[in-house]
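Asks: The numbering used here puts the last residue of the sequence shown at 1514; the count rises by one with no breaks.
Each residue gets a CB set at the ideal place from its N, CA and C atoms; glycine is no exception.
Every value quoted in this text rests on a predicted model; they were computed, and no experiment measured them.
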Amino acid sequence: MEILPRLPTPTLRRDDSPAAAILAGGLSTRLGQDKASASFGRATVLEWQRDRLLPLFRHVFVVCKDPARLSRLGTPVVADALRASASGVGVYTAVLASPCDHVLCLACDMPFVPDALLRALIEGCGAYDVFVPRHSGGLEPLCAVYSKAVLAPLETQLARGANRIDLLYQEVSTGFLDLDTRNFGDPREMFLNINTPQEMDRARRRLAVGRVMPDRVSRSRDGAGGRVEAFIRRLPLPVISFVGKKKSGKTTVAKEVVRELVRRGNRVAVFKHHSHELEADTPHTDSYRFREAGAIVAGLYGAQEYFHVARASHPPTLEDHVRKIPEPVDLIITEGFKRQDAPKIEVSRRARSTELVCDPTELMAIVSDQTFQGYQGVPLFSLDAPLAVADFVDRWVREEWPRLHVGEVGWREPDSSPTHAEEGAS
1089 MEILPRLPTP
1099 TLRRDDSPAA
1109 AILAGGLSTR
1119 LGQDKASASF
1129 GRATVLEWQR
1139 DRLLPLFRHV
1149 FVVCKDPARL
1159 SRLGTPVVAD
1169 ALRASASGVG
1179 VYTAVLASPC
1189 DHVLCLACDM
1199 PFVPDALLRA
1209 LIEGCGAYDV
1219 FVPRHSGGLE
1229 PLCAVYSKAV
1239 LAPLETQLAR
1249 GANRIDLLYQ
1259 EVSTGFLDLD
1269 TRNFGDPREM
1279 FLNINTPQEM
1289 DRARRRLAVG
1299 RVMPDRVSRS
1309 RDGAGGRVEA
1319 FIRRLPLPVI
1329 SFVGKKKSGK
1339 TTVAKEVVRE
1349 LVRRGNRVAV
1359 FKHHSHELEA
1369 DTPHTDSYRF
1379 REAGAIVAGL
1389 YGAQEYFHVA
1399 RASHPPTLED
1409 HVRKIPEPVD
1419 LIITEGFKRQ
1429 DAPKIEVSRR
1439 ARSTELVCDP
1449 TELMAIVSDQ
1459 TFQGYQGVPL
1469 FSLDAPLAVA
1479 DFVDRWVREE
1489 WPRLHVGEVG
1499 WREPDSSPTH
1509 AEEGAS
């Protein structure tokens, strides 16, 4: 076994809740194609697994042998830290890279583990170095939670060629989630593992008839509202876009909202959309010259501040940008990105236009000096009441977003009665 050079790991915010690592390092020999990139519903197998985990975990990342093949995934990807062919390598790398003391390790080709079981693993793992499902058919080591305490014994085990991950359980504090006494479902269905073309066909048929994740009630809808709802569930933190026509005052409103949110102790990131060619660096500087020389990414680093200038290999979406944010934040405010699926606050000024650009089903609120026919039920704030808008955003982030994120509630549809904000309504 060779210990590979330590590669950069995702820059993720440390906290006490478990992270989730999707293990995508299998050779896929029996399937005859890379299972992670195989089509599954409207996505790939790996994307399906990622989108299931994002509402449950603040930090989700992928472990695989070759991160370059997943460069467009929009999710942090970590290369195997050891050169050995064993599932334990993926677990070892996941624990090493995790920003949290505990990490759920879940095989990418195990797409039907129910949310309730994953939550039970999260809730019960705290007292153990390993917390693993157990049923009459055996253990499920690739759907288990591991702590940082397993790193040394697991590395020692792999170094002597003992590749069975369950051998580790004798060396550390191991707890078991007994499924035979819990009503999660049939283990043969929950832990269906896609290794062969026949198993892939079976999984796709199951997906097609909707026998998936019965514990999560899907409220997704077609249209703009359904896309907003799906966006909120996919991403690990709140994103709100301030949009509006040019010269509507959206920068002024958004700036004051950000100022107030920061004053209240929130860590806020701001993304500004730019629709033209971007020249973010200063000509004739060293970093500019490196870009002229052909560097895809050029960076400048000071004691506390830094920036990257990059040329994307494909047009990135807002979701791509969110997943790559390098610093821990509580929420992201954007100006622009009106064609993306984030929930929006539209700013409108009567002198500029009497019409809005957004569909009412994608709006959280309107900030304006006028009212709009057909937008009843969307909260309305005055242009001169940014503190009221900040209150609204702060409450939404703390109270509404967490429930939307896990699917406890659905994105609201506008009702038939006007809703004016209590402060500063037009």
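With a threshold of 16 other CB atoms inside 10 Å of the CB of residue 1180, please say whether the residue is buried or exposed.
Replies: Taking the sequence shown and counting its residues from 1, the one referred to as residue 1180 is at position 92. Residue 1180 should be labelled buried.
Asks: Would you please state the rounded distance, in angstroms, between the beta carbons of residue 1176 and residue 1253? I believe it to be under 8 Å.
Replies: To locate residue 1176, count along the sequence shown from 1; it is residue 88. To locate residue 1253, count along the sequence shown from 1; it is residue 165. The pair is a contact, with the Cβ atoms about 5 Å apart (cut-off 8 Å).
Asks: Apply the 10 Å Cβ neighbour rule to residue 1220 and answer buried if 16 or more other Cβ atoms are within range, or exposed otherwise.
Replies: To locate residue 1220, count along the sequence shown from 1; it is residue 132. Classification of residue 1220: buried, given that the 10 Å Cβ count is 16 or more.
Asks: Under 8 Å, with one C-beta from each stretch per pair, do the stretch 1267-1276 and the stretch 1193-1211 reach the 3-pair mark?
Replies: Yes, since at least three Cβ pairs between the stretch 1267-1276 and the stretch 1193-1211 fall closer than 8 Å, the two stretches touch.
Asks: Could you check the C-alpha separation between residue 1178 and residue 1168 for me, to the nearest Å?
Replies: Indexing the sequence shown from 1 puts residue 1178 at position 90. Indexing the sequence shown from 1 puts residue 1168 at position 80. Distance between the alpha carbons of residue 1178 and residue 1168: 6 Å.
Asks: For residue 1432, count neighbouring C-beta atoms within 10 Å of its own C-beta (all shown protein chains included) and say buried if the count is 16 or more, exposed if not.
Replies: On the sequence shown, residue 1432 is found 344 positions in, with the first residue counted as 1. By the neighbour-count rule (16 or more Cβ atoms within 10 Å), residue 1432 is buried.
Asks: In whole angstroms, what separates the C-alpha of residue 1036 from that of residue 1247?
Replies: Past the boundaries of the shown model lies residue 1036; the chain is included only from 1089 to 1514, so the question cannot be answered.
Asks: Excluding five sequence neighbours on each side, which residues of the same chain lie with their C-beta closer than 6 Å to the C-beta of residue 1489?
Replies: The residue labelled residue 1489 in the question sits at position 401 within the sequence shown. Only 1326 meet the Cβ criterion.
Asks: With residue 1222 as the anchor, note down where its alpha helix (DSSP H) starts and where it stops.
Replies: Position 134 of the sequence shown, counted from the first residue, corresponds to residue 1222. No alpha helix (DSSP H) contains residue 1222, which is instead part of the beta strand (DSSP E) from 1218-1223.
Asks: Return the residue from the list 1266, 1393, 1496 and 1217 that minimises the CA-CA distance to residue 1188.
Replies: Indexing the sequence shown from 1 puts residue 1188 at position 100. Comparing Cα-Cα distances from residue 1188 to each of 1266, 1393, 1496 and 1217, the minimum goes to 1217.
Asks: Can residue 1313 and residue 1436 be called in contact, C-beta distance under 8 Å?
Replies: By one-based count along the sequence shown, residue 1313 stands at place 225. By one-based count along the sequence shown, residue 1436 stands at place 348. Result no, Cβ atoms of residue 1313 and residue 1436 do not sit closer than 8 Å.
Asks: Please list the terminal residues of the continuous beta strand (DSSP E) segment that includes residue 1422.
Replies: One-based indexing of the sequence shown puts residue 1422 at position 334. Note, residue 1422: beta strand (DSSP E), 1419-1423.
Asks: Could you tell me which residues DSSP puts in a beta bridge with residue 1108?
Replies: Here the question's residue 1108 lines up with position 20 in the sequence shown. BP columns for residue 1108 point to 1148 and 1192.
Asks: Do you know offhand how far residue 1288's Cα is from residue 1141's?
Replies: Residue numbering aside, residue 1288 sits at position 200 when the sequence shown is read from its first letter. Residue numbering aside, residue 1141 sits at position 53 when the sequence shown is read from its first letter. Straight-line Cα distance between these residues: approximately 20 Å.
Asks: What residues match up with residue 1434 in a beta bridge as DSSP calls it?
Replies: As a first step, residue 1434 must be located in the sequence shown, where it is residue number 346. Answer is 1331 and 1454, bridged to residue 1434.
Asks: CB residue 1256 to CB residue 1183, shorter than 8 Å?
Replies: Here residue 1256 refers to the residue found at position 168 when the sequence shown is read from its first residue. Here residue 1183 refers to the residue found at position 95 when the sequence shown is read from its first residue. For residue 1256 and residue 1183, no; Cβs fall outside 8 Å.
Asks: Does residue 1182 come out as helix, strand or coil in the three-state DSSP assignment?
Replies: On the sequence shown, position 94 is the one that residue 1182 refers to. Three-state result, residue 1182: helix.
Asks: Opposite residue 1262 in the DSSP bridges: which residues?
Replies: Taking the sequence shown and counting its residues from 1, one reaches residue 1262 at position 174. 1218, per the DSSP bridge assignment.
Asks: Can you tell me the Cα-Cα spacing of residue 1376 and residue 1394, whole angstroms?
Replies: The residue you call residue 1376 lines up with position 288 of the sequence shown. The residue you call residue 1394 lines up with position 306 of the sequence shown. Cα to Cα, residue 1376 sits roughly 14 Å from residue 1394.
Asks: By the three-class DSSP mapping on this structure, what secondary structure does residue 1360 have?
Replies: Numbered from 1 along the sequence shown, position 272 holds the residue referred to as residue 1360. Residue 1360 falls in the strand class under three-state DSSP.
Asks: List the residues that DSSP assigns as beta-bridge partners of residue 1167.
Replies: As a first step, residue 1167 is located in the sequence shown; it is residue number 79 there, counting from the start. 1152, per the DSSP bridge assignment.
Asks: Just to check my reading of the structure: residue 1335 and residue 1440 have Cβ atoms closer than 8 Å, yes? What is that Cβ distance to the nearest angstrom?
Replies: As a position in the sequence shown, residue 1335 is number 247, starting the count at 1. As a position in the sequence shown, residue 1440 is number 352, starting the count at 1. About 5 Å; that satisfies the 8 Å criterion.
Asks: With distances taken Cα to Cα, identify the nearest neighbour of residue 1122 among 1112, 1482 and 1328.
Replies: Position 34 of the sequence shown, counted from the start, is the residue given in the question as residue 1122. Residue 1112 is the option with its Cα nearest to residue 1122.
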